[in-house]
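Undergrad: The opening residue of the sequence shown carries number 9 in the working numbering; numbering runs sequentially from there.
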Amino acid sequence: MSRLLAASFWSILKQFRHGHLKVVLPDGKERHFGQPMQECAPYDDPKSPVAELRVLDDRFFRYIVWGGEIGFGEAYMDGLWDSPDITHLLRYFLANIDCVPGFGDNGRKPLLFDVAKGINWLKHFGRRNTKENSRRNIHEHYDLSNDFYHLWLDETWSYSSAFFPHPQASLSEAQLEKYRRLCRKLQLKPGMKVLEIGCGWGGFALTAAQEFGCHVTGITISEQQFQVAVQRVNEASLNDRVTIEMVDYRDVQGQFDAIVSIEMLEAVGHEFLRDFFKQCHKLLAPHGVLGLQVILTPDSHYERGRKQADFIKKHIFPGGQLPSLSAMQQAMLSSGELFLQHLETFGHHYAKTLRCWREEFEQRLSEVKDLGFDQTFIHKWRYYLCYCEAAFAMRNINVGQMVYTRPNNPYYFTPEETEGLPATPDWPLVSHQPDGY
9 MSRLLAASFW SILKQFRHGH LKVVLPDGKE RHFGQPMQEC APYDDPKSPV AELRVLDDRF
69 FRYIVWGGEI GFGEAYMDGL WDSPDITHLL RYFLANIDCV PGFGDNGRKP LLFDVAKGIN
129 WLKHFGRRNT KENSRRNIHE HYDLSNDFYH LWLDETWSYS SAFFPHPQAS LSEAQLEKYR
189 RLCRKLQLKP GMKVLEIGCG WGGFALTAAQ EFGCHVTGIT ISEQQFQVAV QRVNEASLND
249 RVTIEMVDYR DVQGQFDAIV SIEMLEAVGH EFLRDFFKQC HKLLAPHGVL GLQVILTPDS
309 HYERGRKQAD FIKKHIFPGG QLPSLSAMQQ AMLSSGELFL QHLETFGHHY AKTLRCWREE
369 FEQRLSEVKD LGFDQTFIHK WRYYLCYCEA AFAMRNINVG QMVYTRPNNP YYFTPEETEG
429 LPATPDWPLV SHQPDGY
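(1) Can you give the Cα-Cα distance for GLY299 and CYS222, rounded to whole angstroms?
(2) Who are GLY408's beta bridge partners in DSSP?
(3) Where MET452 and TRP209 are concerned, what is the direct C-alpha to C-alpha distance, given to the nearest angstrom?
(4) What is the DSSP secondary structure of TRP18, reduced to helix, strand or coil?
(5) What residue ranges within the segment 357-403 form continuous alpha helix (DSSP H) runs of no fewer than 4 residues, ordered along the chain?
(6) Taking contact to mean at least 3 C-beta pairs separated by less than 8 angstroms, is the segment 185-194 in contact with the segment 241-258?
(7) Looking at the strands, I want to know which residues DSSP matches up with ILE94.
(8) With DSSP as the reference, please indicate the residues paired to ARG62 in a beta bridge.
(9) How many Å lie between SER180 and HIS357 at the Cα?
(10) Flag this pair as yes or no: are the beta carbons of GLY328 and ILE270 separated by less than 8 angstroms?
(11) With a floor of 4 residues, list each alpha helix (DSSP H) that falls wholly inside the segment 238-314, ordered by position along the chain.
(12) Could you compute how far the alpha carbon of PRO251 sits from the alpha carbon of GLU185?
(13) For LYS360, which residues from the same chain have a beta carbon less than 7 angstroms from its beta carbon, with the 5 sequence-adjacent residues on both sides left out?
(14) Per DSSP, what kind of secondary structure is PHE347 in: helix, strand or coil?
(15) What's the gap between the Cα of HIS28 and the Cα of HIS350?
(16) Looking at the structure shown, is GLU40 part of a helix, part of a strand, or coil, going by DSSP?
(17) Given this structure, state the Cα-to-Cα distance separating MET336 from GLU311, to the nearest angstrom.
(18) Starting from the Cα of LEU61, find the closest Cα among GLY42, ALA237, ALA15 and VAL32 and give me that residue.
(19) Given that a residue counts as buried once 16 or more other Cβ atoms are within 10 Å of its Cβ, and exposed if not, what is SER332?
(20) Three or more beta-carbon pairs under 8 angstroms between the segment 364-371 and the segment 380-397, yes or no?
(21) Taking C-beta to C-beta, are GLY355 and ARG403 nearer than 8 angstroms?
(22) Mind checking which residues open and close the alpha helix (DSSP H) that includes GLY81?
(23) Count the other C-beta atoms from every protein chain shown that fall within 10 angstroms of the C-beta of ALA15, then say buried if there are 16 or more, exposed otherwise.
(24) Curious, which full-length beta strand (DSSP E) runs of at least 3 residues does the segment 178-237 contain?
(25) From TRP165 to GLY211, what distance separates their C-alpha atoms?
(26) Relative to the C-alpha of PHE17, which residue among HIS40, ASP35 and ALA266 is closest?
(27) How many Å lie between PHE24 and MET85 at the Cα?
(28) Quick check: the Cα distance between ARG67 and GLN316, rounded to an integer number of angstroms?
(29) Quick one: measure Cβ to Cβ for VAL297 and LEU273, integer angstroms, because I've assumed they're closer than 8 angstroms.
(30) Is ILE405 closer than 8 angstroms to ALA398 when the C-beta atoms are compared?
(31) Taking the DSSP output, what are the residues bridged to THR413?
(32) If we call anything under 8 angstroms between Cβ atoms a contact, is ALA448 one with PHE325?
(33) Do the CB positions of PHE264 and LEU291 come within less than 8 angstroms of each other?
(34) Buried or exposed: GLY277, going by 16 or more other Cβ atoms within 10 Å of its Cβ?
(35) With a threshold of 7 angstroms on Cβ separation, who are the neighbours of ARG372 within its own chain once the five nearest residues in sequence on each side are excluded?
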């Protein structure tokens, strides 16, 4: 059986056209696929990467034939394969995405994979983000342990893409630049009432209050994040300007000059995109602005992606779904009149952010183990970080900051428009309006 399963795997690899793959088997024998090594570009060239896969156990072939892309990740979790450079191996697969079982939609998947795909999708569908499921899904990822995240995140406690203003910038500098960049795009000013949906451990709220003078309400449904965010607000003596609440975005009341959400939309799910934007439209003052940072999947991948599970959805972010620009636009059209004013993508910055996280994670492995996490957990997180770094490096996915307003808003100028122009007119802040405004 193992030989037959291996033959099925080899038949897929023989279709690879870009780069070179060396497979080392448990008995030390090697198999080579793709272009001859001498025809490949340098090691780090994405057009023709050179990668190595070391199969440590013949059970690997059962995992990959049965489970496809998910099975490949689970085989690593269980110690059935390794690589000198997992990120580069995954970049190699992405370079050949149309030929890899479970990555592309090419009709070459074994029957058993179709069965497993259906089972995994049913499990994923059962985690769609109702209020109850949202709490459960968020709890499973973000409430692992504050001590765990503190080990490898930077001092701002930021768990989203940074923006590196120059190549030598530290991760902390880049995370602060990400927050400041979004604040500048939204033209935040002292006295503005700002709602942050999915405030994490408080990084954006602190920046908007300290540096831009805003009054920020940050909401989360993660108990662990809530505890740290409240503590950080207290330590910064910003209780008069920052309020952290444990509440679902669907239950928020009030009016705000600006709404911000940084990489939270991925946890909303396709079924609730319309509800999310409808709520933003309701909470946003007539002159208000909505600022988002979102991980984006290509429009051409969205429908297929929302109908199937993958390793990230199954093991890292249950209930998650990367939106596409067109999916967001359709949800907005059916829930209000907000429209796009500004868009900036910076996926290569996310690849670097993930590399920084992974390097710090590897440096702190002994402390991760001291927290009670086993080798399977470590393998899962290493694979997850490498998987995402490869996806951003290959532009398989992207990340963007975008700004939305209602039509006929004379108070908002895009960043490009403000260059060389007089200051924008004073906004009619919510806090300055009579009740009922």
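Beta carbons are placed, not taken as given, at the ideal position from N, Cα and C, and that holds for glycine.
TA: So, to answer that:
(1) Walking along the sequence shown from the start, residue 299 turns up at place 291. Walking along the sequence shown from the start, residue 222 turns up at place 214. Their Cα atoms are separated by approximately 15 angstroms.
(2) Residue mapping note: residue 408 aligns to position 400 of the sequence shown, counting from 1. According to DSSP, which records beta bridges pairwise, GLY408 is partnered with VAL302 and THR353.
(3) There is no way to answer for residue 452, as the model of the chain reaches only from 9 to 445.
(4) Along the sequence shown, read from residue 1 onward, the residue named residue 18 stands at position 10. Correct three-state label for TRP18: helix.
(5) 373-378 and 383-401
(6) no
(7) The residue given as residue 94 occupies position 86 in the sequence shown. Bridge partners of ILE94: none, in fact.
(8) Here residue 62 refers to the residue found at position 54 of the sequence shown. VAL32 and ASP90.
(9) Counting from one through the sequence shown, the residue named residue 180 turns up at place 172. Counting from one through the sequence shown, the residue named residue 357 turns up at place 349. If you take the alpha carbons of SER180 and HIS357, they lie about 13 angstroms apart.
(10) Here residue 328 is taken as the residue at index 320 of the sequence shown, counted from 1. Here residue 270 is taken as the residue at index 262 of the sequence shown, counted from 1. Contact flag unset, no.
(11) 281-291 and 307-314
(12) The residue given as residue 251 occupies position 243 in the sequence shown. The residue given as residue 185 occupies position 177 in the sequence shown. Contrary to the premise, residue 251 reads as Thr rather than Pro in this sequence. Roughly 23 angstroms separates the two Cα atoms.
(13) For this step, residue 360 is matched to residue 352 along the sequence shown. Once the five neighbours on either side are set aside, the close Cβ partners of LYS360 are PHE172.
(14) Translated into the one-based positions of the sequence shown, residue 347 becomes position 339. Correct three-state label for PHE347: strand.
(15) In the sequence shown, the residue the question calls residue 28 occupies position 20. In the sequence shown, the residue the question calls residue 350 occupies position 342. Approximately 40 angstroms between the Cα atoms of the pair.
(16) Residue 40 sits at position 32 when you count from the first residue of the sequence shown. Going by the sequence as given, residue 40 is His instead of Glu. Here HIS40 sits in strand by DSSP.
(17) Here residue 336 refers to the residue found at position 328 when the sequence shown is read from its first residue. Here residue 311 refers to the residue found at position 303 when the sequence shown is read from its first residue. Approximately 13 angstroms between the Cα atoms of the pair.
(18) The count along the sequence shown starts at 1 and reaches residue 61 at position 53. For the residues GLY42, ALA237, ALA15 and VAL32, the minimum Cα distance to LEU61 belongs to VAL32.
(19) Your numbering for residue 332 matches position 324 in the sequence shown. So SER332 counts as buried.
(20) yes
(21) The residue given as residue 355 occupies position 347 in the sequence shown. The residue given as residue 403 occupies position 395 in the sequence shown. Yes, Cβ-Cβ distance for GLY355 and ARG403 is below 8 angstroms.
(22) Within the sequence shown, numbered from 1, the residue matching residue 81 stands at position 73. From DSSP, the alpha helix (DSSP H) with GLY81 extends over 67-85.
(23) The residue you call residue 15 lines up with position 7 of the sequence shown. Answer is exposed; the Cβ neighbour count stays below 16.
(24) 201-205 and 223-228
(25) Taking the first residue of the sequence shown as 1, we reach residue 165 at position 157. Taking the first residue of the sequence shown as 1, we reach residue 211 at position 203. Taking the straight line from one Cα to the other gives about 6 angstroms.
(26) Taking the first residue of the sequence shown as 1, we reach residue 17 at position 9. That would be HIS40, whose Cα lies nearest to the Cα of PHE17.
(27) For this step, residue 24 is matched to residue 16 along the sequence shown. For this step, residue 85 is matched to residue 77 along the sequence shown. Answer to the nearest angstrom: the Cα atoms are 25 angstroms apart.
(28) Indexing the sequence shown from 1 puts residue 67 at position 59. Indexing the sequence shown from 1 puts residue 316 at position 308. Each residue's alpha carbon lies about 25 angstroms from the other.
(29) As a working note, residue 297 is residue 289 in the sequence shown. As a working note, residue 273 is residue 265 in the sequence shown. Between LEU273 and VAL297 the Cβ distance is about 16 angstroms, and since that is not below 8 angstroms, they are no contact.
(30) As a first step, residue 398 must be located in the sequence shown, where it is residue number 390. As a first step, residue 405 must be located in the sequence shown, where it is residue number 397. No, the Cβ-Cβ distance between ALA398 and ILE405 is not below 8 angstroms.
(31) In the sequence shown, residue 413 corresponds to position 405, counting from 1. Looking at the DSSP assignment, THR413 forms a beta bridge with VAL297 and PHE347.
(32) Nothing can be reported for residue 448: it is not among the residues displayed for the chain, which extend from 9 to 445.
(33) Locating residue 264 in the sequence shown gives position 256, counting from the first residue. Locating residue 291 in the sequence shown gives position 283, counting from the first residue. Closer than 8 angstroms, so yes.
(34) Along the sequence shown, one-based indexing puts residue 277 at 269. With 16 or more other Cβ atoms within 10 Å, it is buried.
(35) Along the sequence shown, one-based indexing puts residue 372 at 364. LEU159 and TRP160, listed in sequence order.
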